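Residue numbers (this note's numbering), protein chains in the order written: chain A, 1 to 176; chain B, 177 to 352; chain C, 353 to 528. Glycine included, C-beta positions come from ideal geometry on N, C-alpha and C. All values derive from a computational prediction rather than experimental measurement. Single-structure report; data block below.
Take a look at the structure:
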C-alpha cells in the first residue's frame with residue numbers, strides 16, 4: 001500500500017526569509033499527527049506570498065508528490081501580498097465554499113476580524129486543498145472544525161482511506 | 177392565467193441508468209405539493225451527471241417550458257462526476273450565495289460532512305434555480321430552510337405569484 | 353495628515369429619479385458619524401442601477417477622490433436591475449466573502465428573505481468596498497455586524513488609521 005502523503009504549505013514572506021520561525025506549519029503537522037491513525041508523511045514547504053510560486057508548489061505536491069491533502073497557512077487576508085485563495089482557486093477544478101464559511105464562523109466566536117479571512121478549499125484531481133489562516137492560534141480551531149469531513153471527502157475523490165483517532169476527532173462517513 | 181410550472185431535475189448516473197429509483201426527485205415534488213396552494217405542474221427529468229446535458233435541460237425548462245423555479249437534486253459533492261453547481265452557474269445571470277450558505281448551515285446540524293456540499297442557487301431570466309443535495313433525507317431539511325424566501329424571490333424576478341400554505345411553511349413577503 | 357474620505361453610494365433607480373428620498377445613504381452617514389472619532393468627509397452619490405455607471409463611480413471614489421472605504425446601499429437583490437455585487441466584483445482585486453456571509457446571517461434573524469441579498473465586499477487598491485442592502489432598517493444591523501473588522505482591514509491595506517468610539521462600536525485590532 002502506498003504511504004499517505006499530506007502537504008503542509010506555509011505562505012509567509014517573513015517566515016520564508018527566516019525573520020521568524022514557522023510555527024503555523026508545525027501546528028498543522030502536530031494536529032494531523034493527533035487526528036490520524038494511518039501512517040502518513042508530510043511534504044513541507046515555506047514559500048513567500050507569490051501567487052505563481054504557490055500555484056507551482058500546489059501542483060507539484062499533488063501531481064508529482066502524490067499528496068491527497070494539502071493544508072496551507074497564511075496569505076488569506078486582504079493585504080496586497082495575500083494571494084493564497086487566488087492561487088488555490090487557480091489550480092482547483094472544484095471549489096468547496098463550505099470550508100471557508102465554517103472556518104470563518106468558528107473564528108468569529110473569537111475575533112470579529114475573522115470576516116477578513118478569505119480562506120477557501122478546493123479539489124484538484126484526487127486531492128483536497130484547504131487554506132487555514134496564518135495565526136498559530138487559529139490553526140487548531142479551524143482544522144478541528146473542518147477535519148471531521150475530510151476523510152469522507154478524500155474517499156469521494158478516490159484518495160486513500162484515512163483512519164482517524166476517535167478520541168481526538170470525530171470524523172464522519174455517511175453510509176450510502 | 178398561465179399555470180405555474182416548476183422543474184424537478186434529478187442528477188444521478190445511477191438513477192438515470194435505473195440502478196435505483198429516484199426517491200429524491202419525488203421528495204421534492206411532495207414537499208412542493210405541501211407548500212403550495214397555487215396549482216402547479218412539474219416538469220420532471222432524471223439525467224446523468226453530465227454538465228452539458230444538465231445545462232441544456234435547465235435552459236429548456238426555463239426558456240422553453242416556462243418554469244419559474246427549478247429544483248435540482250444530486251451532483252453537488254466533491255467527486256469528479258459532481259457538476260451540478262458548475263452547470264447551474266453556467267446558465268445563470270446572477271448567483272444567490274445565501275441559499276447555499278443557509279442550506280449548509282442547516283445540514284451541518286445533522287452531519288459534519290455538510291460542508292462537502294457545494295450547492296448554490298441562481299437566477300436565469302425570470303426563474304430561480306436551487307440545487308439541493310442528493311440524499312433524500314437532506315431534501316426536506318434544506319428545502320424547508322430556504323423556501324420561505326422563494327415566493328418573494330419569484331415576485332422580484334417577475335415570475336408568477338405563488339400562494340403558499342401557512343400551516344405548512346411560513347413564507348415571507350416584506351411590505352415595500 | 354490627509355483627511356479621511358469615505359464614499360457613500362446609493363444605488364436606486366427611484367431615488368436617483370427623485371421618486372423617493374434617499375434615506376439609506378443618510379443612515380450610513382449617520383452610523384459612520386457615530387462609530388468614528390477620526391474626522392472624516394463623505395463623498396456621497398445617488399446613481400441608478402446601471403452596472404457601468406456604478407463601476408465608474410466606485411473607481412472614481414477610490415482612485416481619484418482617495419476614499420479608503422466605500423459603502424454602497426441598494427441593488428443587491430435578485431431583480432434584473434440589481435447589479436451592485438457585479439459592479440463591485442468588476443472593480444475589486446480581491447473579494448471578501450466573510451462580509452456577505454455575516455450580514456446575511458445577521459439579517460436572517462429578522463427576515464427569511466435575507467438569503468435573497470447578494471451583498472459582498474472587496475478590496476480595490478487601498479480601499480474596502482462594502483455592499484449593504486437597500487432597506488433603511490437593514491443598514492444599521494448589517495453595518496454594526498461588520499464594522500468591528502473594518503479599521504483593521506483598512507490598516508492591512510495601508511489605508512488611514514481610523515479611530516473609533518468604543519462606547520458605540522467595539523472595533524478590534526489583533527496584536528501581531
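Out of A:127, A:90 and A:117, point me to the one whose CA is closest to residue 102 of chain A's CA. A:117
What residues in its chain sit with their C-beta under 7 Å from that of residue 164 of chain A, if we drop five residues either side in the sequence? 35, 36, 37, 151 and 171
Is the distance from the Cβ of residue 443 of chain C to the Cβ of residue 495 of chain C below 9 Å? no
I want to verify the contact list: residues of chain A whose CB lies under 8 Å from the CB of residue 293 of chain B, in sequence order. 98
Closest by C-alpha distance to residue 472 of chain C, when choosing among C:424, C:412, C:382 and C:371: C:424
Which residues of the region 404-434 of chain C have a Cβ closer than 8 Å to any Cβ of chain B? Give them in chain order. 429, 430, 431, 432 and 434
If you follow the alpha helix (DSSP H) that residue 372 of chain C is part of, which residue opens it and which one closes it? Run containing residue 372 of chain C: none; DSSP gives neither H nor E here.
Which listed residue (B:336, B:201, B:237 and B:329) has its alpha carbon closest to that of residue 465 of chain C: B:329
Whose C-alpha, out of B:315, B:269 and B:182, is nearest the C-alpha of residue 301 of chain B? B:269
Hey, which unbroken runs of the alpha helix (DSSP H) at 4 residues or more fall wholly within the region 9-95 of chain A? 13-16, 23-35, 51-59 and 84-91
DSSP state of residue 339 of chain B mapped onto helix, strand, coil: coil
Start-to-end residues for the alpha helix (DSSP H) that takes in residue 452 of chain C: 449-460
Quick check on residue 21 of chain A: buried or exposed, where buried means 16 or more other Cβ atoms within 10 Å of its Cβ? exposed
Should residue 342 of chain B go down as buried or exposed, given a rule of 16 or more other Cβ atoms within 10 Å for buried? exposed
Output yes or no for whether 9 Å exceeds the beta carbon distance between residue 395 of chain C and residue 368 of chain C. no
Whole-angstrom distance between residue 108 of chain A and residue 155 of chain A, CA atom to CA atom: 30 Å
Per DSSP, which residues does residue 297 of chain B bridge with? Please list them. B:306
Based on Cα-Cα distance, which residue from B:336, B:181, B:334 and B:237 lies nearest to residue 264 of chain B? B:237
Classify residue 181 of chain B as helix, strand or coil using the three-state DSSP reduction. strand
Where does residue 371 of chain C land, buried or exposed, given buried means 16+ other C-beta within 10 angstroms? exposed
Would you mind telling me which residues of chain B sit closer than 8 Å to residue 436 of chain C, beta carbon to beta carbon, in chain order? Per Cβ cutoff of 8 Å: no residues; residue 436 of chain C is ~11 Å from chain B at best.
Specify the secondary structure class of residue 172 of chain A as computed by DSSP and reduced to three states. coil
Nearest-angstrom Cα distance between residue 418 of chain C and residue 377 of chain C? 19 Å
Just to make sure I have the definition right: I need the residues of chain A whose C-beta is within less than 7 Å of the C-beta of residue 289 of chain B. Which are they? 149, 152, 172 and 174
Please report how far the alpha carbon of residue 479 of chain C lies from the alpha carbon of residue 81 of chain A, in whole angstroms. 15 Å
Is the Cβ-Cβ distance between residue 276 of chain B and residue 240 of chain B less than 9 Å? no
Excluding sequence positions up to five away, which residues of its chain have a Cβ less than 8 Å from the Cβ of residue 487 of chain C? 376
Residue range of the alpha helix (DSSP H) that includes residue 321 of chain B: 312-322
Nearest by alpha-carbon distance to residue 456 of chain C: which of C:485, C:431, C:426 and C:521 is it? C:485
Following the continuous alpha helix (DSSP H) through residue 116 of chain A, name the residue where it begins and the one where it ends. That residue, residue 116 of chain A, is in no alpha helix (DSSP H); it is neither H nor E in DSSP.
Can you have a look at residue 33 of chain A and say buried or exposed, based on whether 16 or more other CB atoms are within 10 angstroms of its CB? exposed
Check whether chain C comes within 9 Å of residue 315 of chain B, counting only Cβ atoms and requiring the distance to be less than that. no
Within 10 Å of its beta-carbon, does residue 379 of chain C have 16 or more other beta-carbons around it, so buried, or fewer, so exposed? buried
What residues in its chain sit with their C-beta under 8 Å from that of residue 401 of chain C, if we drop five residues either side in the sequence? 363, 364, 365, 426, 427, 433, 434, 435 and 436
Using C-beta distances below 6 Å, list every residue in its chain close to residue 160 of chain A, excluding the 5 sequence neighbours before and after it, in chain order. 4 and 68
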